[in-house]
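> One line per chain: the protein sequences are A and B, in this order. For the first sequence, my numbering assigns the number 1 to the initial residue and increments by one for each residue that follows. For the second sequence, my numbering assigns the number 224 to the initial residue and increments by one for each residue that follows.
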Amino acid sequence: MVPVRRVAAALVLALAAACARRPAAPAPADTSGFLDDYARLRPGPPDGATWAYRNPAARVRAYDRILFEPVAIWRSGKRSLDPIPEDDLQRLAAEFQRAVTVRLGADYRLVDAAGPGVLRVRLAVTAARREDRALDVFTFAVPPEHRVPDAEALHPATHALVVAAAIEGELSDAVTGEVVAAGVDLRGERRALRTWGDVRAALDRWAAWLAGRLREARGERAG
Amino acid sequence: MTRQGGRVRAWVGLALAAVAVPAWGAQYPGWGDTGWGFYGKRECCAEAIALARQDSGDRCVAAGGTPRPTSGIQRGSCEWEWSTDASGQLVYRCASEAAVWCR
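1. Could you check what DSSP says for D88/A in three-state terms: helix, strand or coil?
2. Please list the residues of the stretch 22-44 of chain A that have a C-beta atom closer than 7 Å to any C-beta atom in chain B, keeping them in chain order.
3. Apply the 10 Å Cβ neighbour rule to Q97/A and answer buried if 16 or more other Cβ atoms are within range, or exposed otherwise.
4. Only counting runs of 3 or more residues, tell me where the beta strand (DSSP E) segments fall wholly within the stretch 110-182 of chain A, in order along the chain.
5. Helix, strand or coil for A225/A? Go by DSSP, reduced to three states.
6. Could you check what DSSP says for A246/B in three-state terms: helix, strand or coil?
7. Keeping to the same chain, check which residues put their C-beta closer than 6 Å to that of C283/B; ignore five residues upstream and five downstream.
8. Are the C-beta atoms of Q297/B and some chain A residue less than 8 Å apart?
9. At a CB distance below 9 Å, what residues from the stretch 118-152 of chain A approach chain B? Give them in sequence order.
10. Are the CB atoms of I73/A and A29/A nearer to each other than 8 Å?
11. If we cut at 8 Å on Cβ distances, does C268/B have a partner in chain A?
12. Can you give the Cα-Cα distance for G229/B and E95/A, rounded to whole angstroms?
13. Looking at the secondary structure, which residues open and close the alpha helix (DSSP H) in which R54/A lies?
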C-alpha cells in the first residue's frame, strides 16, 4: 500500500507544477489591447474571470449609477469582420448590451452622462492579439427600441468569431478615470454555441455573474 | 439613326446612370490618421475610425451625395504603431479606413 504521506507529497508537487505553468499575467496572444494595462491582471479565482484586477483602494459601494458604453467587437486583421453579416455583428452587440443592461439595471440606475457616483463600464468581445498591427473594430450604440430576433442557427463566420472570442472589460470611475476593476474572460465551452439562443444564454450567464461580483464587492450577498 | 434607336439609347443611358448612382448604395472609402498622442489603443482606434468615417462622409458630399445616418454603428479598420514618450510611457498612433453609406 502506498503511504499516505507519499500521496500527499505527490499531490502538492502536482499542484505546484500546475501553478508554475500558469503565468502571473496573460500572454499577449490571449489579449487584444482593448484594456490599457494587462500587467496588473492576475489569474482569477475558480469562479471568476480568467484574468482579473481589482483596485484595492476603490470603494465599490460609492457607485449607484452605471454609464454603459457601447459594446465593441475587435478582431485581428484588416477587414477580418467582413465575412460576418453586419446584422449578426449588430445582434451580438445588442444581445450583450441587453444582457448586461438587464442584470446591472436591477441594482444600478443606468445613465448616459458621467458624474459623481457613476461607474463607467466598457466591454468588448475580442478575437485579437495585442501584437497584431491591424484590427477590425465594430461598435453599436444599441437604440432602446432595437429588437433582437428569437433563436436561430449561427452563421458559420459568426460561429467562428464567438468560438475564438474572449470578453474583456473595465470598470472605472466615470469622473476620475481610475480603474476599479478589469478582466479578461476566456471561460466557457464556446464551441458548444450553435444558435443565437445559446449565445443569448451564455451572455446572460456572464452578465449575471458580473452583477453578482459587483454585489459581493459592495458587501451584499451575490444573487 | 432612327427615332426609335435614339429612344432606346436614351433609356439605356438612364438605366446606366441609375446603376452608377444608386439611391443609397454607394460608398466612398475614407482615411483617418490620429498622429501621435494617444495613451491607449482603444481611444486611438476609436478616433482614427471616427476621422475615417468623417472623411468618407466628406467624399460622399463632394460627389453630390448625402451620408446615410449610421444608426449607432461605428465600424472600420485600425492599424496602429507605438512608441514611448519622454517619460517612457507608451504612446500610440492609429490609422483607419472606413466607409459610410452614401445616397
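Virtual Cβ for every residue (Gly too), placed ideally from N, Cα, C. Everything numeric in this text was worked out from a predicted model, so none of it was measured.
Reading it off the structure:
1. In the three-state DSSP reduction, D88/A falls in the helix class (H, G or I).
2. G33, F34, D36
3. The C-beta of Q97/A has 16 or more other C-beta atoms within 10 Å across all chains shown, which makes the residue buried.
4. 118-127, 134-140, 166-173
5. Residue 225/A lies beyond the stretch modelled for chain A, which goes from 1 to 223, so this question has no answer here.
6. With a pLDDT of 41 at A246/B, under the threshold of 50, the modelled position of that residue is not reliable, and the figure given next carries that caveat. Correct three-state label for A246/B: coil.
7. Short of 6 Å from the beta carbon of C283/B, and not among the five residues preceding or following it, lie these beta carbons of its own chain, in chain order: Y251, P290, C325.
8. yes
9. R122, A124, R130, R133, A134, L135, D136, V137, F138, T139, F140, A141, V142, P143, H146
10. Going by C-beta atoms, I73/A is not nearer than 8 Å to A29/A.
11. yes
12. The pLDDT assigned to G229/B is 47, lower than 50, so where the model puts this residue is not dependable, and the model offers no usable value.
13. Unbroken run through R54/A is the beta strand (DSSP E), 51-54; no alpha helix (DSSP H).
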